[in-house]
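Number of protein chains: 2
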Amino acid sequence: MASGGEAQRALQYEQTLMYGRYTQDLGTFAKDEAARLRLQRGDGEGGTPRPRRPSELLEYTQGRCAPCRVCALQCQQFLVSKVGEDWVFLILLGLVMALVSWAMDFAIATCLQAQKWMYGGLDTNVMLQYLAWVTYPTVLITFSAGFTQILAPQAVGSGIPEMKTILRGVVLKEYLTLKTFLAKVIGLTCALGSGMPLGKEGPFVHIASMCASLLSRFLSLFGGIYENKARNIEMLAAACAVGVGCCFAAPIGGVLFSIEVTSTFFAVRNYWRGFFAATFSAFIFRVLAVWNKDEETITALFKTRFRLDFPFDLQELPAFAVIGIASGFGGALFVYLNRKIVQFMRRQKTINRFLMKKRLLFPALVTLLISTLTFPPGFGQFMAGQLTQKDTLVTLFDNQTWAKQGVSDEFEYLGILEAWHHPRSNVFITLVVFILMKFWMSALATTIPVPCGAFMPVFVIGAAFGRLVGESMAAWFPDGIHTDSNSYRIVPGGYAVVGAAALSGAVTHTVSTAVIVFELTGQISHILPVMIAVILANAVAQSLQPSLYDSIIRIKKLPYLPELGWGHHEKYNVRVEDIMVRDIRYVTLNCKYRDLQHVLQSTKMKSLPLVESAESMILLGSIERAQVGALLSHQLSPQRRLQALQQKALAEDGHQLSDAGIRFQISTETSSGAPARAAPRKPLKPALKRVPSSLAETPPAGTADHTGIALKSLFCASTSAEPTEEEMDLGEKMSPSEILDWEEQQLDQPVDFSSAKIDPAPFQLVEHTSLHKTHTVFSLLGLDHAYVTSIGRLVGMVSLKELRKAIEGSLTAKGVKVRPPLASFRDSTASAGEPDTTALRQLWDRHQHHPMPREAGPGGDDGEDTPRGQ
Amino acid sequence: MASGGEAQRALQYEQTLMYGRYTQDLGTFAKDEAARLRLQRGDGEGGTPRPRRPSELLEYTQGRCAPCRVCALQCQQFLVSKVGEDWVFLILLGLVMALVSWAMDFAIATCLQAQKWMYGGLDTNVMLQYLAWVTYPTVLITFSAGFTQILAPQAVGSGIPEMKTILRGVVLKEYLTLKTFLAKVIGLTCALGSGMPLGKEGPFVHIASMCASLLSRFLSLFGGIYENKARNIEMLAAACAVGVGCCFAAPIGGVLFSIEVTSTFFAVRNYWRGFFAATFSAFIFRVLAVWNKDEETITALFKTRFRLDFPFDLQELPAFAVIGIASGFGGALFVYLNRKIVQFMRRQKTINRFLMKKRLLFPALVTLLISTLTFPPGFGQFMAGQLTQKDTLVTLFDNQTWAKQGVSDEFEYLGILEAWHHPRSNVFITLVVFILMKFWMSALATTIPVPCGAFMPVFVIGAAFGRLVGESMAAWFPDGIHTDSNSYRIVPGGYAVVGAAALSGAVTHTVSTAVIVFELTGQISHILPVMIAVILANAVAQSLQPSLYDSIIRIKKLPYLPELGWGHHEKYNVRVEDIMVRDIRYVTLNCKYRDLQHVLQSTKMKSLPLVESAESMILLGSIERAQVGALLSHQLSPQRRLQALQQKALAEDGHQLSDAGIRFQISTETSSGAPARAAPRKPLKPALKRVPSSLAETPPAGTADHTGIALKSLFCASTSAEPTEEEMDLGEKMSPSEILDWEEQQLDQPVDFSSAKIDPAPFQLVEHTSLHKTHTVFSLLGLDHAYVTSIGRLVGMVSLKELRKAIEGSLTAKGVKVRPPLASFRDSTASAGEPDTTALRQLWDRHQHHPMPREAGPGGDDGEDTPRGQ
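Heads up: the sequence lines are chains E and V, in that order. Taking our numbering, the leading residue of the first sequence gets 35, the next gets one more, and so forth. Taking our numbering, the leading residue of the second sequence gets 35, the next gets one more, and so forth.
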């Protein structure tokens, strides 16, 4: 078992061998581990014989029932062995998420029903009705906000930005725990049950990811295969697809949406995971509805009944294009509004301080405002206030024309459709009011600190906008545009579908909302209008604003690399040499321990470059900070000090015994005579046993403090008068000043790197790599830093931070900073290929004229080469 | 202009700076170039004033018309400036491809109509009918095969395997030329017009790619932005989507299918290109049909009319699952059969030799066989032989139940539907015969050397299989499965849709065929059955056989990296050190020209590693073979020889003039006295002018021969007696033996690398990188080789070839070669992290004990370190 653990540790180290953090690793180690386990199982048969024994016993004692039990046990073993397979995990994930989704939908529907029932039961008194209408959501939202705040504040909001960051390879603490899961599920149920314009899609992506993470941990009880970061990230990507898939019963759209929203580069060979899990999940989700007798069979969530023969006329396409373009502007405006609200709330210090004190006041106030405005007998009558989000969508996707036909008698949703027909107003005004009010309401509501998404509200607004255009078209061309013999009327419901896809696509910057609407409505007849509108909406929105998720990432300052948008040509002229950090701390192969100490004190970098020598600066690899610390603390460790002491004593006593350990044992335990030389290491044991016991008081401070102790002992010895317990113990043999001398002497020794683990191939860039390419490489390989080298010589370093600054710098100051200050010193046409050859020539010259200057030279002439690139 | 060209060359060099071939570069340089061009336009305004001048003149002379012209010119300038934008390119590509697709469809339909007409017109005589039925396709196929063979043999086959390889970054010659385009378009039209079971999808991917490539070249006349490989590959990826999109009018499915089929890693930010172009193309393609009055409006290609309310019962799902699993086996069988036919034809030497002589015989024979069997009055009556592929699909997707209802009267395709109802047989037998016959016919027909795909034939077979299951289900449950009040009958057409998606998904190993069928049929109501069947079919097929495209790649031995399939755990235990080439040729920084010559003679590698010295082996970069050749030929160039001669002459004459050029001019042209020293380079001109003129006879052999010349002059001088013209010319000053001496002397000089272009950051791996990770990195970055280093020291090299061998080795000998021979020498658990530290310790020891051994030591003790890793 110990060797297995060691092997695993070695493997995990090997995983980071190549790059600092290589997220796209695609389960290499999961599979390595699986192969290893399989081999072990094949070779050793260590664990399997044991469970078989009781069954064999049973066969002798019980007779008839035994074969069944043997069979059952074999089945069980088979299942346990198969638990390691991906598809078992994906099926479990799909199943759990479908159940969660269905249960939540059921709970939300019950909540909404309860509100309707309360509202309907109190129809004798408007005041009471109002109180019931307003209090119910306020209580729910406040509870949701409070509950989330107390249990896990990480559950607040959509979760897609965080998932995007996590999938990028950044570890966000507490975002995938059971606590957050519970907070998110319960908080989201309450928030949606309140009837506020909030969505469940984003949170579901987060919930599915948490579910996958928890499931991994649970299944890892059956074997070590799940304890692997690369594999987990792979599974998280599949989980995101499941989240969208089981939320909308849209497996294809779910996979595509999750890819577009969370990934930068997508491994096609992981495609099937998402499809498999999302399909299974959507299937179970819909089957549950059938079993619950909600539906007769498996159909779409918001089934439409548009005619198939002639879905739309060619001449209607301009109208669809208009919807697309308008949605693009609308989407950008929504993102802008949402961000401004958040920033306003943050900037207003007085408001902020007040709200921070009473954390639940802001959600309550917002809910009060929104629910007051939607109160059906009040202003709500002009904006179909009594409809739930689901009812709204159903009515908007209706295939009748409202303006002309009025409420159709044969229509089954008669009751809810009436909401759009105010007796003193017409459908157009209701729709316009609905769109305008819902727009700011949704932008405001999504800033409430509860688990909530913005996809569904935006989707509904888009549908309403599409419906508005469709109704206008229907009013304009009452008999359809086509002038041929058989005239087909315009279907405003089709416009609603197009609008929904376009606006949600614009807000999230995705094209796959098109697929989602097809799967949601169960009809694909409007594919071309939808595609045209979505692409136009994306083109407009992407040129105006970041996506909602990127906007939140920026607001929350999550460690994510911004995307390079379209047409930001100015920053393709930036090169790595313009943004890299030149003044980096490094470790040389022939350095002294004192240098290590200086480096550790002067930098906070997690890994340090190891160069051959300060003169040559040839990059040999990178060494982790912890390793450097360990080296240093080992060098200054009390054990070595004791050994040194003992050696000194030996030298003083004039004894000539070669083994220091034996000598030490003699001097401390004062045993008479020389012990047997046959086992020279063994007698050391008692002495060593004593030293750790004396050290046992200090280690509880943590393993990371190892260096700290050593350094403290170094500095404190001269400044502080009172000796620590440790020093007391060792003080018997060495005085503080002696220790200081000894440590100074130790620090002057050259470093022995033989015990340190070194990453021999940290990722390297060259000075002329463009910002664009650097961005590509960083996002492709999930790096967080890279060294900049020039023919093997380390000249700088670029980390995620510099890269983000460079991209954002040219993003915000668009048009002003066409080239960064540093770039202007460079003649872009003439010197493109030259510096490499210059540097090479220098290296070559060095070889030619003074053949061995590396160790011999004082480093003065070579040192000047480094800032040459400027 | 010269400096611009230089800058561009420099940029193109810079592009390969980072890795040998970095395909995923995402248009960095296109954009760089765009920014540069914009800057130039902004700064210089070099080209714009000129076209304006005539318009300004016009304004003075003509008056009224002038503003229009100014306006038109400005529009033109605007358009030209916008031509550089991606979307212009994508729109043009979509437009052209839609036109091509539509025109081809029209031509194919005409061809098929002609056959029908001939067959119908000769109904008095069966013999004549047979002759017409058989001759027509034979002539067309033979013409297609001959035409393709003569014009461009690269046009043969699907083209998807080649596109996959090209997108991987490998340059395949002649695959994207105008000739191939013409051959493919005309050949494909004839092949499909013959009515053979061939498809147009795969070839369309190829055609679209060629179209994109040609369009790039055409548009590059307007500016330099299109002359960039990375950008071209990006555009080719979009073109693949366009190909599928405009072939099936399926934009979403097209994008997804092309991603699945051609990519390994997909950049999400390129997503929109595909969507945009494919949507536009599909739109135009369908609009053309509307304008041609084929359709009333834009609808799906194979529109179905299944009921929306109750598309299928929950209890029908097992039947769909059965279709999926059976399709999986069928798909694997199809790929196997196809490969076996090809291999059989290749192995049978006698057949092969005979067929090779008469290249057109094989296509003619196959066509004769297939068309004889489908002859409607003959055997064809049992397999609906008279139906074209399109008619077959339309009838298979029909929403009536054939078995029970017989031919429905109200059905509009009355005529063609009758084909399935043989008077002396029943539908089931017809379907079974159809499936069995078409199966081997399609597998055989796709091996004919004409441009053809296999997607459509497989799709049709799948549909027929689905229909068969559906009809069986309908016969089994005549009133539907559901036992409730309102019973819904089973829709066999839905089964046909599921079967088509499943079988084509199994053959191509894609999930996106699901989306393609939705777009093809215009209905998405069967989404869950389709998804379930496609996933099951993929699971089965992928575990049995490679995809059809991968199979062709393997048959054609294209330079493509095979995918790692599911569950091949055994090869994750292989490491780079097991597969790398250890004995590689390298160039050292302090080497002599003679060494370069040896290296060039001993290896064929396109790029050579440059190491610091043979002892240290520290990798400094890689240098291209051509660069090494250029260095060598420059060193041995006649010019330098002349200079040397002249210097020698100088030395002999005792003159002390410093400038060699001047001296030379004096000695050859015998001008009296010393010329002015102010312009020392100028007088050299006449002499230089003469030398190229004498060399002008030899260069036509090609620029790659530069080294060849130099080397030839070196070797030939001693062996061949007759002096070449060049030597004759120079022989006046130097005798052959003198030249030999001089060259020997030159070869002993150390190399001056200052003029060579060196890639300072070739991609590096470490010895312990697993095969799986290596595969990932290679496919992610599109590498074709990587150096294996150990702390900066070059220890080996891995190229695509080794990697492919390693993967295929463990793929073919599954279960036998669990670990490769080399791996068995390694203790996998114990030595995981050790060798790095060992190597490091050696390096460190070297520093400790003999501080400067690199140049000083004879290299004996360090040289032994290199094969240490074994």
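Glycine included, every Cβ here is placed at the ideal spot set by N, Cα and C. Please read these numbers as outputs of a predicted model, since none were measured by experiment.
- Per DSSP, Thr-823 of chain V is one residue of the beta strand (DSSP E) stretching across 819-824.
- Distances from the alpha-carbon of Ala-360 of chain V to those of V:Leu-226, V:Ser-538 and V:Trp-167 put V:Ser-538 closest.
- Restricted to the region 616-690 of chain E, the alpha helix (DSSP H) segments that are unbroken, complete and at least 4 residues in length are 627-636, 659-669 and 672-687, listed in chain order.
- Asn-326 of chain V is classed as exposed because its beta carbon has fewer than 16 other beta carbons within 10 Å across all chains shown.
- Counting along the chain, Val-785 of chain V sits inside no alpha helix (DSSP H), nor does DSSP assign it H or E at all.
- For Phe-300 of chain E, the enclosing beta strand (DSSP E) has its first and last residue at 299-301.
- Of the residues V:Cys-109, V:Gly-193, V:Thr-338 and V:Arg-659, the one whose Cα lies closest to the Cα of Val-531 of chain V is V:Thr-338.
- Ala-284 of chain E and Ile-569 of chain V have their alpha carbons spaced roughly 15 Å apart.
- Cβ neighbours of Gly-277 of chain E within its own chain (closer than 6 Å, five residues either side excluded): Phe-238, Val-239 and Ala-242.
- Our two residues, Asp-617 of chain E and Thr-810 of chain E, have alpha carbons roughly 25 Å apart in a direct line.
- With respect to Leu-828 of chain V, Leu-623 of chain V sits apart: the two C-beta atoms are not nearer than 7 Å.
- Straight across, the Cα-Cα distance linking Pro-483 of chain E with Leu-394 of chain E is about 9 Å.
- Shown here for Gly-533 of chain E: same chain residues with a beta carbon closer than 6 Å to its own, the five before and five after excluded, namely Ile-357, Gly-496, Ala-497, Phe-499 and Gly-500 in chain order.
- Taking 7 Å as the cut-off, the Cβ atoms of Gly-287 of chain V and Gly-487 of chain V do not count as close.
- Put simply, the CB of Thr-547 of chain E is far from chain V, with every gap to its CB atoms at 7 Å or more.
- Contact between the region 305-320 of chain V and the region 126-140 of chain V is present, with at least three C-beta pairs closer than 8 Å.
- Per the Cβ contact rule, the region 657-670 of chain E is in contact with the region 638-649 of chain E (3 or more Cβ pairs under 8 Å).
- For Met-197 of chain E, no Cβ of chain V is located within less than 7 Å of the residue's own Cβ.
- Within chain V, Phe-344 have C-beta atoms less than 7 Å from the C-beta of Glu-330 of chain E, given in sequence order.
- Sequence-distant Cβ neighbours of Pro-593 of chain V in its own chain, meaning closer than 7 Å and more than five residues away, are Thr-199, Val-204 and Leu-834.
- Sequence-distant partners of His-632 of chain E (beyond 5 residues in either direction) whose C-beta falls short of 6 Å from its own C-beta are missing from its chain.
- Between the C-alpha atoms of Gly-504 of chain V and Tyr-370 of chain V there is a straight-line separation of about 27 Å.
- With a contact defined as Cβ atoms closer than 8 Å, Met-565 of chain V and Ala-353 of chain V miss out at about 15 Å.
- Cβ neighbours of Glu-658 of chain V within its own chain (closer than 6 Å, five residues either side excluded): Ser-641.
- For Ala-272 of chain E, same chain residues with a beta-carbon under 6 Å away, outside a window of 5 residues either side, are Arg-307, Gly-308 and Ala-311 in chain order.
- Taking CB atoms only, Glu-658 of chain E has no neighbour in chain V less than 7 Å away.
- Taking 7 Å as the threshold, the shortest C-beta distance from Glu-294 of chain V to chain E falls below it.
- Cβ neighbours of Glu-329 of chain V within its own chain (closer than 6 Å, five residues either side excluded): Ala-323.
- In this structure, V:Ser-804 is the residue among V:Asp-343, V:Leu-255, V:Val-400 and V:Ser-804 with its C-alpha nearest to the C-alpha of Met-614 of chain V.
- Taken in chain order, the members of the region 554-572 of chain E whose beta-carbon sits within less than 8 Å of a beta-carbon on chain V are Gly-556, Gln-557, Ile-558, Ser-559, Ile-561, Leu-562, Met-565, Ile-566, Ile-569 and Asn-572.
- Here Lys-682 of chain V is not near Pro-784 of chain V, since their CB atoms are 7 Å or more apart.
- Between the alpha carbons of Pro-345 of chain V and Thr-555 of chain E lies a gap of roughly 14 Å.
- Taking 7 Å as the CB threshold, Pro-397 of chain V stays off the interface with chain E.
- Boundaries of the alpha helix (DSSP H) around Gly-308 of chain V: 305-325.
- If you check each beta-carbon in the region 299-327 of chain E against every beta-carbon of chain V, the ones closer than 8 Å belong to Phe-299, Phe-300, Ala-301, Val-302, Arg-303, Tyr-305, Trp-306, Phe-309, Phe-310, Thr-313, Ala-316, Phe-317, Arg-320, Val-321 and Val-324.
- The C-beta distance from Val-321 of chain E to Leu-348 of chain V rounds to 7 Å, short enough to meet the 8 Å contact threshold.
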